[in-house]
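Protein chains: 2
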Amino acid sequence: MTQATNNQPSTISTNNGIEILCIGSELLLGKILNTNVTWLADQLALIGLNHYFQSVVGDNSERLKSCLIDSSKRSRILITTGGLGPTPDDLTIETIASTFKTKLIENQEIINDIKSKFRFSVEIPKNNFKQALLPENSKLIPNFTGTAPGIIYSPSKDFTIITLPGVPSEMKHMWKQTVRDWLSDHFSREEVIYSKTLKFTGISESSLAEKIPKLLQNKNPTVAPYASLGEVKLRITANAKTAKKASSLIQPIETKLKNTFELNYYGSENETLASIVIDLLRKRKEKLSVAESCTGGSLSAALTEIPCASDAFVGGVVAYNNYIKQNILGVPNNLLEKHGAVSEQVAKAMAIGIKNTFRTDWSIAISGIAGPSGGSSLKPVGLVEIVIFGQTSYQSIQEHFGSHRERNQIQKLSVVRALDQLRLFLLEKS
Amino acid sequence: MTQATNNQPSTISTNNGIEILCIGSELLLGKILNTNVTWLADQLALIGLNHYFQSVVGDNSERLKSCLIDSSKRSRILITTGGLGPTPDDLTIETIASTFKTKLIENQEIINDIKSKFRFSVEIPKNNFKQALLPENSKLIPNFTGTAPGIIYSPSKDFTIITLPGVPSEMKHMWKQTVRDWLSDHFSREEVIYSKTLKFTGISESSLAEKIPKLLQNKNPTVAPYASLGEVKLRITANAKTAKKASSLIQPIETKLKNTFELNYYGSENETLASIVIDLLRKRKEKLSVAESCTGGSLSAALTEIPCASDAFVGGVVAYNNYIKQNILGVPNNLLEKHGAVSEQVAKAMAIGIKNTFRTDWSIAISGIAGPSGGSSLKPVGLVEIVIFGQTSYQSIQEHFGSHRERNQIQKLSVVRALDQLRLFLLEKS
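The listed protein sequences correspond, in order, to chains A and B.
Heads up, the first sequence is in the working numbering, so the first residue is 1 and it goes up one at a time.
Heads up, the second sequence is in the working numbering, so the first residue is 431 and it goes up one at a time.
Here it is as structure tokens:
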């Protein structure tokens, strides 16, 4: 399958005139957040392109047609998501063809691709072959992770439609592999927008903001905080004529932020606490194991999400009852009886047990009450004990994440806290 | 401050023609999810009103004007969010006035309200009094939690604009206190909208669609498919005079779908494969343990996400290297050497090992190649071996999820497949 080629339209000289249209009745039903449009808006900004309009329309041919016509009048580029699937309510391609009065032509590359993706199936659902019909003169946007390809199609010299699927992972792949470069090649941008995201943990968004009031008012670069569960991001965004100039605007701000927040800063861009911890361990050629109770496997899962996690992570035990804690992790029965499963003593014994059994340099144990039931006045929902064992010493933390929190929030916060504490412990030992 | 009164427009007799316009440049920058539009869409559905169009425009008077004109041509009601604040980039009210050539008149109630809200301040920022200017003949939507009021304004008999602020908490308050009732009073709704979501797995969206071509064309209820990784949902949506009537329209379709897809149907609404499996085990008073290699804890995490998972799930081992497989799970070394870690033989030995060690009725073992590295021509990325052990028998599955898949997709698909196979095994034994 070939990539979309660049013969049409010729370079577009305006910086304006991009809009996004998300197609799908589900987006009108109020249960689904439109994350696609936010992601695409972000990606457009990253390559220095503004867009001025977003819209959503249902899986309805007439209304979609009206959107396509409106868009062709006001914009140079229309990026659509959704409606490329194999079912009858997937109408994007055929509506584009009928709106702009062009033929649909069967594309052999797509047929071959569908056949290859279904090679382990007994038969290929006939519906899938609908996806091989493309408007005449359109360019293919290959879809390596699904069966619905996209197109780049210019019904006129001044108007180009780029179709992407609604499935977020497929849409993102196709953007990164084809569309991003195509847009960069065809738009002569005067300025680039360049941004860098720094990540912080162990500090609240408001405490962080209070320490940098002037930076948050800065015009170029701008500095904007975004909080999520257990961490805060600061995005530094610069406008400049060249990427180099933009980088040089960002660099001093980045240094200032790192100096201001010291160990609360843990990484940037795509780095995660898990990837940082694995990198630190890999450099030391040391191994980690984990014993989880209330987090139930999500600490292991966060670590093994990272490619090549096995360089540093050997595995763990999810000990969801006391039998496992005693018999697999070797937690003494008297500790469980005297202090209860959610106690520093038991978490420490779990950490020693997993470290010895799994023969690792480091271990983490987590025991807590994730709720919604199981809390008491002495040990409320949200109480979590974390113990980290190194080669010669250990650290223990007690956290009260709060009974108002939901189960999955308490689990997530425990994972973040444990990974961060191991990070700090490793940095201390380096 | 009085509530919006009902003298204009007179009752609107159509059920159609509502749209939502979100105003704010921040929504075009890709940093913020537009949760307002999702919330409003949901609220409209709850009171039985459809809407057909959503759009987003920046804080730009010209472009906003163009949106207002387009909307006045195609819709009866336009609900806007944003642009009501006191700063210079808040342009909604003045743009509405200029677009529809109406005067702005100072509203004394709003001035009194602003003064009362600022009574503890030394001085009132002058900007705030801008918020007291309303188009002539517009009705006030009071804002009890902020200073920016909204309006209900009909520039013509057939077109009404309802403005709400962009701050979600204020927007929601004003919707609940004024707008919802106003819409219910003015729209002679003949119908409510009621929907139910059924969940399927082990079948592709296209195969599922092929079996129910007529249902997918159905008008009331409609049946719409939505695919996500490893599962497909069908949402049945009915319009009827009463909720009871809507339910009775959905019921036969629901039965038909369950009968058509039999075991591919696994649950509805908020049920997940993990919650279904835990329920099945709980009813049988049986326990489950898991041994994970390539899924790295995410199978455990999926199970322990469910409240009271410990009723049925005792824990597991993440065996991320061969030492753990041999020494904790008791996988014989010769199996690892002869067949490799990703083989039915080793997965079976892992399942036996965890079941015996953790003393459970059931066990699941997963071993595979999640990538991006580690694949070979014989054992490509995406190859996953799953073994499920019951009390007297076992089942093994080999899956090829495909080398084109990303690591986290292969992990997720493996978890879905394993949970589904255990579900089928449990149903077979019941």
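Think of the CB as a built atom: it goes at the ideal place given N, C-alpha and C, for glycine as much as any other residue.
As the structure is a prediction and not an experimental result, all values here were calculated from the model.
ask   = For A/Val416 and chain B, any beta-carbon pair shorter than 8 Å?
value = no
ask   = Looking at B/Leu494 and B/Ile535, is the spacing between their C-beta atoms short of 8 Å?
value = no
request  = Tell me whether the beta-carbon of B/Leu808 lies closer than 8 Å to the beta-carbon of B/Gly798.
outcome  = no
query = Residues of chain B with CB under 9 Å from A/Lys126, in chain order?
reply = Ser636 and Glu640
query = Between the segment 475 to 487 of chain B and chain A, which residues of the former have a C-beta closer than 7 Å to a C-beta of the latter?
reply = Ala475, His481, Tyr482, Phe483, Gln484, Ser485, Val486 and Val487
query = When DSSP builds the beta bridges, which residues end up paired with A/Pro135?
reply = Here A/Pro135 is bridged, per DSSP, to A/Leu104.
query = Between A/Ser206, A/Ser25 and A/Lys245, which lies nearest to A/Tyr226 when the distance is taken from Cα to Cα?
reply = Out of A/Ser206, A/Ser25 and A/Lys245, A/Ser206 has the C-alpha closest to the C-alpha of A/Tyr226.
inquiry  = Counting only Cβ pairs nearer than 8 Å, list the residues of chain B close to A/Val314.
reply    = What A/Val314 touches in chain B: Tyr750, Asn751, Tyr753 and Ile754.
request  = Grab the span of the alpha helix (DSSP H) containing A/Trp182 for me, first residue to last.
outcome  = Boundaries of the alpha helix (DSSP H) harbouring A/Trp182: Arg180 to His186, taken from the DSSP string.
ask   = Between A/Thr304 and chain B, is there a C-beta pair that is closer than 8 Å?
value = In terms of beta-carbon proximity, A/Thr304 lines the interface with chain B, with at least one pair separated by less than 8 Å.
inquiry  = Does chain B have any CB closer than 8 Å to the CB of A/Phe26?
reply    = Correcting the residue identity first, residue 26 of chain A is Glu in this sequence and not Phe. By this cut-off, A/Glu26 is an interface position.
task = State buried or exposed for A/Lys101, treating a residue as buried only when at least 16 other CB atoms are found within 10 Å of its CB.
result = exposed
inquiry  = Check whether chain A comes within 8 Å of B/Val597, counting only Cβ atoms and requiring the distance to be less than that.
reply    = no
message = Please state the DSSP three-state secondary structure of B/Lys785.
response = helix
request  = Have a look at A/Ile114 and A/Phe129 and give me their C-alpha separation to the nearest angstrom.
outcome  = 8 Å
ask   = Hey, is the segment 275 to 289 of chain A in contact with the segment 701 to 720 of chain B, meaning 3+ C-beta pairs nearer than 8 Å?
value = no
query = What does DSSP give as the partner residues of B/Ile754 in its beta bridges?
reply = None; B/Ile754 has no bridge partner.
For A/Ser55 and B/Gln484, believed in contact at Cβ under 8 Å, the rounded distance = 6 Å
inquiry  = For B/His603, tell me which candidate among B/Ile623, B/Ser584, B/Asp615 and B/Gly576 has the shortest Cα-Cα distance.
reply    = B/Gly576
key: Classification of A/Ala243 by the beta-carbon crowding that lies within 10 angstroms, buried from 16 upward   = exposed
message = So, with DSSP's three-state summary, where would you put A/Gln3?
response = With a pLDDT of 35 at A/Gln3, under the threshold of 50, the modelled position of that residue is not reliable, and the figure given next carries that caveat. Correct three-state label for A/Gln3: coil.
Beta-carbon proximity of B/Thr864 to B/Leu594, cut-off 8 Å = Outside the displayed span of chain B (431 to 860) sits residue 864 of chain B, for which this structure offers no information.
ask   = So B/Phe630 packs on B/Tyr696, CB below 8 Å; how close in whole Å?
value = 7 Å
key: Contact list for B/Pro737 against chain A, beta-carbon separation under 8 Å   = In chain order: Gly371, Pro372, Ser373 and Arg407.
message = Suppose you measure from the CA of A/Val318 to the CA of B/Pro518; what does that come to, to the nearest Å?
response = 56 Å
message = So B/Phe788 contacts chain A; which residues on that side make the cut at Cβ distance below 7 Å?
response = Ile324
ask   = Are the beta-carbon atoms of B/Gln825 and B/Gln851 separated by less than 8 Å?
value = yes
ask   = Comparing the C-beta of A/Gly83 with each C-beta of chain B, is any distance below 8 Å?
value = no
request  = Can you give me the start and stop residues for the alpha helix (DSSP H) that B/Ala676 sits inside?
outcome  = For B/Ala676, the enclosing alpha helix (DSSP H) covers residues Ala673 to Phe691.
query = To which residues does DSSP link A/Ser400 through a beta bridge?
reply = Sequence inspection shows His at residue 400 of chain A; the Ser mentioned does not correspond to that position. For A/His400, DSSP records a beta bridge to A/Leu383.
message = Can you pull out the residues from the segment 97 to 123 of chain A whose beta carbon lies closer than 8 Å to at least one beta carbon of chain B?
response = Lys117 and Phe120
ask   = Cα separation between B/Glu449 and B/Ile523?
value = 18 Å
ask   = Taking just the CA atoms, how far does B/Arg714 sit from B/Lys859?
value = 10 Å
request  = Taking the CB atoms as reference points, tell me whether A/Phe159 and A/Ser72 lie closer together than 8 Å.
outcome  = yes
query = Just how far apart, CA to CA, sit B/Gly770 and A/Val37?
reply = 44 Å
task = Using 10 angstroms around the beta-carbon of B/Lys626, count the other beta-carbons present and answer buried if the total reaches 16, otherwise exposed.
result = Taking every protein chain shown into account, the CB of B/Lys626 has 16 or more other CB atoms within 10 angstroms, so this residue is buried.
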